[in-house]
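Here the structure is laid out as structure tokens; the discussion comes afterwards.
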Amino acid sequence: MSSDLIIQADNLSKAYRIWSNPAARLKSPLIEAAAAAFPRASTPHRALAARAARGYRDFYALRDVSLSIKRGQALGIIGRNGSGKSTLLQMIAGTLTPTTGTLSVNGRVSALLELGSGFNPEFTGRENVFINGAILGLSRAQMADRFAAIADFAEIGDFIDQPVKIYSSGMLMRLAFAVAAHVDPDILIVDEALSVGDARFQLKCARAIDRFIAQGVTLLFVSHDASLVKRLCHHAILLEHGQVLYAGKPNDVVNLYSKLLIDGTTVESLQPDITALKVKQETAPSFMPTPRDIEVRLEPADIPPDAQTVALLTDEREHVQVSGQEFAYGGELGRIASVTALDTSGQPRTWFTTGERITLRMVVESREDLHEPIFALTVKNNAGVEIYGTNTLFSKQPAPPMKTGEHREVNFTFDLNLIQGHYFLSFGFTHFVGDKLVVLQRRYDAIKIDVHGLDRTFGIANLKAAITSRLATSAP
Amino acid sequence: MITKLTPLLSGFARKRELWWQFTVRAVEVRHRGSYLGIIWLVLNPLLMLALYVTVFGYIFGSRFRGHENETPVDFALAVFLGLSLFHVLSETISAAPTLIVGNPNLVKKVVFPLELLPLANVSAYWFHFLINMALLFVGSFAVGNPVSPSGLLWMPIILIPHILLTLGIGWFVSALGVFFRDVTQITQVLAQIILYASAIFYSTSLLHGVAWQFLKWNPLLHTIQLSRQALLWNQPLNLTHLGYTWIAGTVTCIIGRWFFHKTKHAFADVI
């Protein structure tokens, strides 16, 4: 094993025995031990084993998860509630022991698993800071050295000498984050922590996290906030039912997750998408700047690529300008047949200069009657930040109904007021059935375009400021 | 800025640090928020002592006949010594069942050496005991019948088994309390039983026949009797009884520690 690997997990599983009552937790193992005293085939052995088994049933919160994380990587962990995120983090933090599999963690883990975990409500913020430090292995003197910095970071003022029980959840989190940020962790685990606190503190935390990453601290980040995961993490995994459904770039994982959230989506129905993403991972080398690579092995969920999917994907690559990053789903009831980026002269192009007029054309095909089809566009930059998103509904430019089998050309035309960089364009074709949004097809990151700058203006948007100056005639 | 690579405290130093902080906390928490604060540490046992002197010494007029010319105050001091020893045990027993359950954060959210929780609590009770002892010394000097210096030398040998006993019981009951919430109900009754079974308000010389056959197995009874004999009465010590308290204390401590260690990993599953 390379010393570079800070976390290495092999076939990690956590089975929760759901005990019929707390006493069974103690009795069943004792009965099992008693059963072991008899020969395996004997009647008392079987009777006792059966009696022991009545005390519990097993529930797998995590099953056969393997991953290795290198020092200094930021890994996002995404999944629905109950998908095993917290279990995985708690095992890495060391508060839960794996049922099977091995886990090695080489470094000090500072975990923000829940609001003010490890804080004692009766004691003051100051006392809790020292106790927390001691729990994490720092002496009183070491904590005294940092106390001022911690209090300063937490920004809770005189409340530091008040019992923690009177703190608001925001104050509690601020103090908890401040402590976690000042104990020199090798691994920082942040679980939904940044969702509390005002925007300014969130930014402060995000900056602290950036600084950690720059310093080589390994970050494990759990959030439902897709944009934050995309911004902070180099890599992400999607957990579902305790298994790693997919591991890859945060953008892909977030896209997959957003599909998983749609009603009625099952793991099975996602398999083609996962297969497609995996094929893409293998065939198209990434051109997105990934600062540090991560290896996430996917032994258990490995499925041989479906031949049809591969064919379809290859077919589309040949005919359509694709970004090499595309991720699509839907397509049964309606299809986005093609997507193209065009310049003012109607020529397909993938590079533009800033401010140039661009037309994004998608040709859709409906396979049923659509009362009010919705056409959508999203522009993202290479950090996954959504720059712009619109659709016919939001922009109040409703599209006329479509008949079965009808093809339609949809054009999004606008001035490309973006700073130089790479941008990814996603397209959507949806409609409403009653109140329910039905996705006919979505094609995430279907086109990649490069925007060239004309000067050294920076940021995200090119607002094209006219800068004038003249002699001020009167004194200010 | 954050300085990198702070040397981690070694396992033992870290535990000592935590033990100290949690012990201080356990001592403080009782008086936290009260007006007189830390004064209660002394005032509480002082009021208790005054009560015993009044009730047992003057109203009931009971005597242990530990030595000639036993005054009501002498009797009260002996009761006080016995009760102080009893309180270490009774407080351990009554606090232990909820000790782990009451700190779910330390069980589930952080990596914490949980065996320190009972240890710190028991340490705090022994700290209270030390304060009581200081009062006892002052009291015994005040009535002109000071504690015996040679008896004082015996005290560690008499008390260590009781320390081991309280630790073992602390570990055992706190671990048991995680799995059986009923333990809380039992411990209150148990504390009452121990109170009357430990010869606190009477002398062991009163015990005969069947009662003695049962109660002689109570190590606390012997610890109380031995410490009175050593400190207050200047009597020769029964070394058999002393040896028995050592065996009982050591065995209890080992069993308690072993049980805690064996069940510790399962705490997070049921809390």
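One line per chain: the protein sequences are A and B, in this order. Using our numbering, you'd call the opening residue of the first sequence number 105 and step up by one each time. Using our numbering, you'd call the opening residue of the second sequence number 623 and step up by one each time. We put the CB at the ideal spot given by N, CA and C, even for glycine.
- Contact between residue 503/A and residue 476/A holds: their C-beta atoms lie close to 7 Å from each other, under 8 Å.
- When 9 Å is used as the limit between beta carbons, residue 647/B is near these residues of chain A: 224, 226, 227, 231 and 235, in chain order.
- Exclusion of the five residues before and after residue 525/A leaves 485, 486 and 555 as the residues of its chain whose Cβ lies within less than 7 Å of its Cβ.
- Around the Cβ of residue 571/A, a 10 Å sphere holds fewer than 16 other Cβ atoms; the residue is exposed.
- Below the 7 Å Cβ cutoff, chain A contributes no neighbours of residue 746/B, its closest Cβ being approximately 14 Å away.
- Residue 811/B and residue 711/B have their C-alpha atoms roughly 13 Å apart.
- Taking a C-beta distance under 8 Å as the contact criterion, residue 533/A and residue 438/A qualify as a contact pair.
- Pairing residue 704/B with residue 822/B gives a Cβ-Cβ distance under 8 Å.
- In this structure, residue 357/A sits away from residue 176/A, with a CB-CB distance that is not shorter than 8 Å.
- In the structure shown, residue 568/A falls within a coil segment according to DSSP collapsed to helix, strand and coil.
- Residue pairing by DSSP puts residue 479/A in a beta bridge opposite 533/A.
- For residue 577/A, not one C-beta of chain B is nearer than 8 Å to its own C-beta.
- Membership of residue 256/A in the alpha helix (DSSP H) is indicated by the continuous run 244-258.
- Chain-ordered, the chain A residues with CB closer than 8 Å to the CB of residue 803/B read 126.
- For the stretch 866-892 of chain B, the set of positions with a beta-carbon nearer than 8 Å to some beta-carbon of chain A reads 885, 887, 888, 890, 891 and 892 in chain order.
- For residue 774/B, the closest of 855/B, 883/B and 724/B by C-alpha to C-alpha distance is 855/B.
- For residue 190/A, the enclosing alpha helix (DSSP H) begins and ends at 189-197.
- In this structure, 495/A is the residue among 495/A, 190/A and 365/A with its C-alpha nearest to the C-alpha of residue 464/A.
- Annotation: residue 807/B has no Cβ neighbours in chain A at a cutoff of 8 Å; minimum Cβ distance is about 14 Å.
- Considering only beta carbons, no part of the stretch 148-170 of chain A lies closer than 9 Å to chain B.
- Look at residue 267/A here: in three-state DSSP terms it is strand.
- The residue from 536/A, 474/A, 520/A and 450/A with its alpha-carbon nearest to that of residue 509/A is 474/A.
- At a cut-off of 8 Å between beta-carbon atoms, residue 652/B makes no contact with chain A.
- In the three-state reduction of the DSSP assignment, residue 210/A falls in the coil class.
- At the C-beta level, residue 112/A and residue 187/A stay beyond 8 Å of one another.
- Contact between residue 754/B and residue 706/B holds, since their C-beta atoms are separated by about 4 Å, short of 8 Å.
- The beta carbon of residue 734/B sits closer than 8 Å to some beta carbon of chain A.
- In this structure, the CA atom of residue 149/A is about 52 Å from the CA atom of residue 268/A.
- In the three-state reduction of the DSSP assignment, residue 112/A falls in the strand class, which pools E and B.
- Sorting 553/A, 573/A, 576/A and 522/A by C-alpha distance to the C-alpha of residue 560/A places 522/A at the top.
- For residue 511/A, there is no enclosing alpha helix (DSSP H); the residue is part of the beta strand (DSSP E) that begins and ends at 511-519.
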